[in-house]
Every structure is written in structure tokens, then in C-alpha cells.
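Below is one structure, written out as C-alpha cells, with a few remarks after it.
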Amino acid sequence: MKEFKVKFRGVRGSHPRANKDYMKFGGNTSCVELHVNGHLIILDAGTGMIELGNELMQKYLVSGNDENSRKPVEATILLSHIHLDHILGFTFFSPAHLPSSNLHVFGASDYNDELADGLADILFSKSFPLDLGDIAANLNISNITEHNAIILRHGSDPIVLRVEKPEDIKLAEDDVLITCYKSLAHPQEGVMIYKIQYSGKTLVYATDKETYFGGDKKLTKFARNCDLLIHDAQYTTEDYLNPYHPKQGYGHSTFDMALECQNYSNAKHLIFYHYDPSYNDEKLDSLSSFYGNMADKASFAYEGMEIDL
């Protein structure tokens with residue numbers, strides 16, 4: 059069976075929201091769970107990752123009678139960047155505190171630090187009771203660039219290749235391919251855009267990036283003909299262009315920019331994602347009604363939303 063399942067765990071940007079006006083779409087920050095041919099891939103580690111970790115812990119506990127017989131948690135975690143809303147769930151991800159867990163974390167480093175150093179400084183040290191080195195799981199944190207590809211293959215740790223030409227990537231039939239590129243359209247150090255491919259299906263994850271006049275040509279080429287495009291849609295056009303508090307240069311797109319990217323890239327379906335924390339259920343319902351004629355080609359992400367590619 060060719061498995062490519064998507065579940066949204068957190069769809070909010072900037073910071074989490076927790077009150078009754080955010081129950082429908084959810085108040086947790088960025089996290090998307092993928093199950094692709096038996097591999098667990100986690101896109102970003104926002105607060106939505108916490109509940110995912112709790113569920114994985116429950117599955118681990120019922121998978122056997124003791125530590126020796128239980129099935130370890132194995133996950134590949136792809137970080138778009140290390141702004142707080144995309145990593146806040148990492149320290150509270152329950153499987154990270156199991157010695158049997160195998161977690162492979164990938165993302166871009168900035169110009170001064172390794173990815174591991176950045177995570178240690180922001181999430182641990184003075185802000186958490188444990189240091190990064192105290193985490194019980196088998197934790198592998200790796201820097202990647204747009205010149206790398208990651209292959210997920212059964213019976214192996216993730217394989218990282220340097221790619222100079224397409225022929226450098228040699229896939230077996232059941233392999234899952236992950237490629238990426240770094241967009242500089244988000245302060246301070248840019249953001250990684252990811253593509254996951256398996257069995258003729260393609261998902262592109264493009265959060266926290268701002269479009270350009272005439273569209274982002276690099277992104278539209280990267281996402282060409284993909285089956286599912288998850289695209290930043292933090293603002294309405296009115297908020298983005300607000301003369302008193304404009305959002306230009308904040309590193310985020312509008313709903314119309316996301317649609318423009320879909321049109322240029324010929325993506326089969328678009329998911330609006332990473333909503334502004336001020337956009338409550340009433341606001342998003344109103345926007346959903348406004349864009350209702352796009353229902354066959356675009357959807358609004360909400361916590362718990364599931365898609366089977």
C-alpha cells in the first residue's frame with residue numbers, strides 16, 4: 059500500500075492562542091505530521107508538536123509489555139527555521155525523553171552557528187531545566203543546504219546526499235525523497251522550503267516566506283505541478299497593506315499571494331497556513347466564505363485536518 063498521509067497539528071503563526079475563540083481552527087503553532095511509506099516526518103516543531111508527542115508516547119507504551127519489547131519512536135524532523143513559534147514544542151515532545159527514540163532533526167544553520175548550537179541557545183541553557191545534551195533520545199541534529207537531498211529508506215538512518223545534478227540522486231522503489239531550498243524572504247536568516255516526494259506524489263511546505271512582485275519564481279519552479287502546496291497565508295491583503303501598520307517586510311504572505319503561487323506553479327491543491335494570531339475563528343470563517351469559490355483548489359488548514367495523497 060502506497061501511504062502518504064498528512065495531518066495538521068498546529069496552523070497558527072507568531073505565537074499560540076488559547077481561548078474559546080480559537081477552537082475551530084486551533085491555536086497551536088506550526089507543526090504538520092506526515093506518514094509516508096512507514097516513515098514519520100514532522101514539519102516544524104511548534105506547539106502543535108506537543109499533542110503529537112503525547113499520542114506517540116501512548117502508542118509506544120501499548121506496543122509492548124516493557125522497554126525491551128516496545129517499538130521505538132522514529133522520526134525525521136524538518137525545521138523551516140528556528141524562530142520560537144516553530145520550535146516551542148520541541149522540549150515538550152514526549153518521545154524526546156525516551157532513550158529508545160531515534161530523532162533526526164534537519165534544518166539550516168545561520169552564518170555563525172550550527173543548527174544544534176542555535177537550538178541549544180534558544181530552547182535549553184537558561185530557558186529549560188535540561189541542556190540539549192541531557193535529552194535522553196538518540197538525537198541527531200544536522201545542517202542541510204539546498205545542495206542536499208535526504209533519502210528515507212527502510213532499515214537505514216536518513217541518507218544525506220550532496221546534489222550537483224539530478225543524476226546524483228539514485229532512488230530505490232520504496233524510497234522517500236526530501237529536497238529543499240533556502241528562501242531569504244524571511245528575516246533574520248531566511249527559511250527552508252521543503253519538498254517531499256514518494257510514489258509519484260509531491261508535497262511542498264512553504265511557510266514563513268513573503269512573495270515578490272510577479273510571484274516568487276524560485277518557489278513556483280520548485281513547486282511545479284505538486285499535488286499539495288502548504289503555503290504561508292498570515293495576512294489578508296488589507297492588513298498587509300495597512301497604511302498605519304503595514305506588514306510588508308515581515309516575511310509573510312497574504313492569502314492572495316498564496317493563490318498566485320498556486321496558479322504560477324500549477325499546484326493541484328493549496329492549503330492556507332500559518333494564520334496571524336489575531337485571526338480568530340470568526341475572522342477565518344469570514345475569509346473561508348470569501349474564498350469559498352476556490353474550494354475545489356484551496357482549503358483552510360485547521361488542527362486535526364487530515365489529507366490522504
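If you read the sequence shown in the numbering used here, its first letter stands for residue 59, the second for the next number, and so on. No residue lacks a Cβ here, since even glycine has one placed at the ideal position from N, Cα and C. This one's a predicted model, so the numbers in the text were calculated from it and none came from an experiment.
Query: Please list the terminal residues of the continuous alpha helix (DSSP H) segment that includes Gly176.; Result: Leu173 to Leu181
Query: Looking at the strands, I want to know which residues DSSP matches up with Lys279.; Result: BP columns for Lys279 are empty, so no partner.
Query: Should Tyr118 go down as buried or exposed, given a rule of 16 or more other Cβ atoms within 10 Å for buried?; Result: buried
Query: Can you tell me which residues form a DSSP beta bridge with His93?; Result: Lys63 and Leu98
Query: Which ranges does the alpha helix (DSSP H) cover as unbroken runs of at least 4 residues, wholly within the stretch 234 to 291, from first to last along the chain?; Result: 275 to 280
Query: Please determine if the stretch 102 to 113 and the stretch 216 to 236 are in contact, where contact requires at least 3 C-beta pairs separated by less than 8 Å.; Result: no
Query: Would you call the CB atoms of Leu317 and Leu286 closer than 7 Å?; Result: no
Query: Can you name the start and end residues of the beta strand (DSSP E) that Leu136 belongs to?; Result: Glu132 to Leu136
Query: According to DSSP, simplified to helix, strand and coil, what is Leu368?; Result: Lying outside 59 to 367, the shown extent of the chain, residue 368 is not represented and no answer is given.
Query: Since Ala207 is in the beta strand (DSSP E), which residue starts that stretch and which ends it?; Result: Asn206 to Leu210
Query: Which residues share a DSSP beta bridge with Ala356?; Result: Leu328
Query: Terminal residues of the continuous beta strand (DSSP E) containing Ser200?; Result: Asn196 to Asn201
Query: State the start and end residues of the unbroken beta strand (DSSP E) segment that holds Glu364.; Result: Glu364 to Asp366
Query: Give me, in chain order, the residues of the same chain whose beta-carbon lies closer than 6 Å to that of Arg75; leave out the 5 immediate sequence neighbours on both sides.; Result: Gly85 and Pro335
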